[in-house]
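K.L.:
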Amino acid sequence: MGGGGVASLTPPPPLAPPPAERQARGLRPLPPRPQRIGEWRVTQGWAPSTAGYGPLRDLPDWSFVDGRPAPLWKGQQRRLQENEALARRAVKLSQALDGAIQRGGGSKEGSGPPPLKPKGAQRKPV
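Going letter by letter, the sequence shown gives residues 14 to 139 in the numbering used here.
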């Protein structure tokens, strides 16, 4: 069967540091909690991500020597179209609301739902 040697009885290494080291660690100040990337960017006054608002996303990287701006990127063109469509929709809804208020004549006294009609057989007082 082989291998019938004596097992060594050495103690396993300690899992926790010795008490003196633990005490020294307790006296040191804790380092600040690490910030997530978005949190750090916000503390610097930037957008939480590079895909957000701001000059890095909206301004061109370069311009011509004579001062002409660089052509717009596809993403910039798309964002401009989306913003224009949103502004047009807001104006259209605002005009529709103004028209409805004018047609309705503002607020009327006593206006509200019509009174309910009586249902079922009417009981006559005895």
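The C-beta atom is built at its ideal place from N, Cα and C for all residues, glycine as well. Keep in mind that this is a model prediction, so the values were computed, not measured.
In chain order, which continuous runs of the alpha helix (DSSP H) of length 4 or greater are located wholly inside the segment 23-110?
P.N.:
The segment 23-110 contains these whole alpha helix (DSSP H) runs: 32-40, 50-56, 68-71.
K.L.:
Can you list, in chain order, the residues of its chain with a C-beta nearer than 6 angstroms to that of R9? Leave out the 5 residues immediately preceding and following it.
P.N.:
The question about residue 9 has no answer here: the residues shown for the chain are numbered 14 through 139.
K.L.:
Quick test of your reading: S76 and P68, contact by CB under 8 angstroms. State the CB separation rounded to the nearest angstrom.
P.N.:
Contact flag wrong, Cβ pair sits at about 14 angstroms.
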